[in-house]
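Quick note: the first sequence uses our numbering, first residue 8, plus one each step. From the three backbone atoms N, C-alpha and C, an ideal C-beta is built for every residue, glycine too.
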Amino acid sequence: MRTSQYLLSTLKETPASAEVISHQLMLRAGLVRNVASGLYTWLPTGLKVLKKVENIVREEMQRAGSNEVLMPMVQPADLWEESGRLNDYGPELLRLNDRHNRDFVLGPTHEEVITKLVANELSSYKQLPLNVFQIQTKFRDEIRPRFGVMRGREFLMKDAYTFHLEHECLEKTYQKMFDAYCRIFDRLGLDYRPVIADTGSIGGDASHEFHVLADSGEDDIAFSDASDFAANVEKAEALAPSGEREEPSKDIELVELKLERLIKTTDTPLNASVKTLLVQGTATDDESEKFVALVLRGDHQLNEVKAENLPSVASPLTLATEEQISALVNCHSTSLGPKGLSVEVIVDRSAAHLSDFTCGANENNRSYTGVNWQRDCGDITVADIRNVVEGDPSPCGKGNIVIKRGIEVGHIFQLGQKYAEAMNCAVLNEGGKNQTLTMGCYGIGVSRIVAAAIEQNHDKYGIKWPKAIAPFQAAIVPMNMAKSARVKETAESLYEQLLQDGVEVLFDDRKERPGVMFADHELMGTPLLLIVGERNLDEKKVELKNRITGEKTLIAIEDVKALFSN
RNA sequence: CGGUGAUUAGCGCAGCUUGGUAGCGCACUUGGUUUGGGUCCAAGGGGUCGCAAGUUCGAAUCUUGCAUCACCGACCA
């Protein structure tokens, strides 16, 4: 490709709307343009990268024995009614009507369509297991699209679904997909980790997320500093403190200070106090059971996912309002405490390990010191409801927790029978009986990977693409081609030769100053620059500049070809 | 959805307080100059100032409504 025919579209200035570095660089290097909130046009350079990612994903899925299909983006609402998700999915599901006023949705995922398909197509256990995938545009009406294509509303996703008669078979395939995912991210050249994950709204049993490590990531990942253990903080277990709880040594005492003031003005440590949150419970008939108290050590944070998984806590987690708290306890939220509450009290393991602690007194601007659970607080339930923090012992039993940020680029689930049951997806088993299938589902955010790769690979000049997904393998940059016939001839013939060899090369034939050309190619992240100049032509050489290392070397023109034969 | 802020040329911004129908830098066009790291000089083209209504002789500027975009928003009890 010649730059004179190419939609280069680089920007010198950073558009004000771009927050994260990948979004800024994607705009500046001319990869994407914004169309509306969360919707993007992919320009030629961006599309090349997207297609490369897509192809690597496709090749590895095929290698793992998955069949490629393509399902429609617009899906009948009936299917979603059948699975029960039409109501469950919420406002992220974009609903629309056709000219006959029939109800449709824009597919945020394709479990319904594929399960229906397989229910119709398969009839015998002999056809199992089955593994299918597609690479298709999804639409999720995000509350707050941000970070460019990282969290867009429309995005390109690879989704795969597997169907099995038995759970053991699913587990085998799950492992196979896990391995395929590792190969994919290895080939993409990204620094990634598989991490244990919560199954979230899709439901199911086992689940792993694949995260690209980057400070701008939206997820916290807990690692062990002594083993391979990695888990999303949502899911990472906070172990109970080791050793016996100390016996009470102080008497309970009422203090005329708000808990917060008490901690600030005296030497009461934060981690020797507890904070109490009143949340909506699942029981609705009995007034006192409408709420549940969650108690955490002062320095810890509530883990919403863990709390929602408790049977007596309403999901989604809903905090009681100040009015509700006043009505029930007759105090402000800041003075709540576990002693004497009329609702179920669920205490985090670490908070439950405290003795002689400090807490709110359920009266405005009053606190207790020297509180002890059994002696002062009656019945409590102990559970793991906090986020792990750096330095906690790792739940794997080895080492301590370190927390890093990650960008979720892949997610695999053992789905189980949820959809197969709802959509009546079954085959005849060996005994001639109808048997509901067990499913797995496996996603990769193709467009998100492009942004994640940039977050992880850039410098002050621009993008530094991993080789496997660079839009061009190399660029030919002639010095002062307009003046030197020799430079022009050499550059042209080099270009022709590389094209013949099938090298993806961009020939910068613009009448620009060298600085402009260098800056553009560095911004776009082309891995290799072939600089043709008078300076080296007497020796029949060109200069080679490596975008990643910055290294410059001279190479004989006849040897350039060999750089690309692998 | 709630809070905050923004909306003036393709991009980045000034002008608004103190109403008199627009300006800067980059980009773009033309001519010259320069040519191994975003040259320099000159001359140009491009905007019904987000939309609608109101106040006024007169609105980018004041008022109201709407739209769009962006940032922040669990807990911190």
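{"Check": "Report yes if the C-beta distance between V567 and L513 is below 9 Å; otherwise report no.", "Outcome": "no"}
{"Check": "Using the DSSP secondary-structure output, state which residues sit across from D110 in a beta bridge.", "Outcome": "N104"}
{"Check": "On the criterion of 16 or more Cβ atoms from any shown chain inside 10 Å, does P136 qualify as buried, or is it exposed?", "Outcome": "buried"}
{"Check": "What is the DSSP secondary structure of P98, reduced to helix, strand or coil?", "Outcome": "helix"}
{"Check": "Consult DSSP for I332 and reduce its assignment to one of helix, strand or coil.", "Outcome": "helix"}
{"Check": "For D258, which of helix, strand or coil comes out of DSSP?", "Outcome": "coil"}
{"Check": "Which residue from V219, G45, P83 puts its Cα closest to that of L197?", "Outcome": "V219"}
{"Check": "Taking 8 Å as the cut-off, does the region 464–473 touch the region 177–187 (at least 3 CB pairs, one atom from each stretch)?", "Outcome": "no"}
{"Check": "Counting C-beta neighbours from all protein chains within 10 Å, is the total for K145 16 or more, i.e. buried, or is it exposed?", "Outcome": "buried"}
{"Check": "Between the beta-carbon of G45 and the beta-carbon of G159, is there less than 9 Å?", "Outcome": "yes"}
{"Check": "Does the Cβ of I353 lie closer than 8 Å to at least one heavy atom of the ligand NAD?", "Outcome": "Questions concerning the ligand NAD fall outside what the structure shown contains, since it holds no ligand whatsoever."}
{"Check": "Roughly how many whole angstroms lie between the Cα atoms of L54 and F185?", "Outcome": "27 Å"}
{"Check": "Please report the distance separating the alpha-carbon of V56 from that of A569.", "Outcome": "24 Å"}
{"Check": "With burial defined as no fewer than 16 other Cβ atoms inside 10 Å of the residue's Cβ, what is the status of Q31: buried or exposed?", "Outcome": "buried"}
{"Check": "What does the Cβ neighbour count give for L103, buried or exposed, with the cut at 16 atoms within 10 Å?", "Outcome": "exposed"}
{"Check": "Tell me, please, which residues DSSP counts as bridged to M164.", "Outcome": "Q143, G452"}
{"Check": "For the beta strand (DSSP E) containing T497, list its first residue and its last residue.", "Outcome": "That residue, T497, is in no beta strand (DSSP E); its alpha helix (DSSP H) goes 492–507."}
{"Check": "Mapping DSSP to helix, strand and coil, what is T533?", "Outcome": "coil"}
{"Check": "Less than 7 Å between C-beta atoms, sequence neighbours within five positions excluded: which residues of the same chain meet that for I538?", "Outcome": "V484, M486, V549, E550, K552"}
{"Check": "Taking the alpha carbon of P247 as the reference point, which residue from E75, E529, A358 has its own alpha carbon closest?", "Outcome": "Inspection of the sequence shows that residue 247 is occupied by Ala rather than by Pro. If we check each option's Cα against that of A247, A358 comes out closest."}
{"Check": "Could you spell out where the beta strand (DSSP E) holding Q287 opens and where it closes?", "Outcome": "281–287"}
{"Check": "Within the continuous beta strand (DSSP E) that includes Q421, where are the two ends?", "Outcome": "408–423"}
{"Check": "Buried or exposed: which applies to P534, given that a residue is buried once 16 or more other Cβ atoms fall within 10 Å of its Cβ?", "Outcome": "buried"}
{"Check": "From which residue to which residue does the alpha helix (DSSP H) around N593 run?", "Outcome": "A question about residue 593 goes unanswered here, because the residues of the chain that appear run from 8 up to 573."}
{"Check": "Count the other CB atoms within 10 Å of the CB of P402; is the residue buried (16 or more) or exposed (fewer)?", "Outcome": "buried"}
{"Check": "Taking the alpha carbon of I451 as the reference point, which residue from T122, I142, R9, S130 has its own alpha carbon closest?", "Outcome": "I142"}
{"Check": "To which residues does DSSP link M446 through a beta bridge?", "Outcome": "F170, G423"}
{"Check": "Hey, could you find the ends of the beta strand (DSSP E) W49 is sitting in?", "Outcome": "46–49"}
{"Check": "Compute the distance between the beta-carbons of P255 and N379, then report whether it is under 9 Å.", "Outcome": "yes"}
{"Check": "Ignoring anything shorter than 4 residues, give me the alpha helix (DSSP H) runs that lie fully in the region 295–371, in order along the chain.", "Outcome": "311–315, 329–336, 356–359"}
{"Check": "Quick one: using the 10 Å Cβ neighbour count with 16 as the cut-off for buried, is T122 buried or exposed?", "Outcome": "buried"}
{"Check": "In terms of residues, what are the limits of the alpha helix (DSSP H) holding K271?", "Outcome": "266–272"}
{"Check": "Is it true that the CB of E241 sits closer than 9 Å to the CB of V312?", "Outcome": "yes"}
{"Check": "What separation, rounded to the nearest whole angstrom, lies between the Cα atoms of S319 and D527?", "Outcome": "58 Å"}
{"Check": "In chain order, what residues of the same chain have a beta carbon less than 6 Å from the beta carbon of V336, not counting five sequence neighbours either side?", "Outcome": "N369"}
{"Check": "Start and end of the beta strand (DSSP E) containing E550?", "Outcome": "548–553"}
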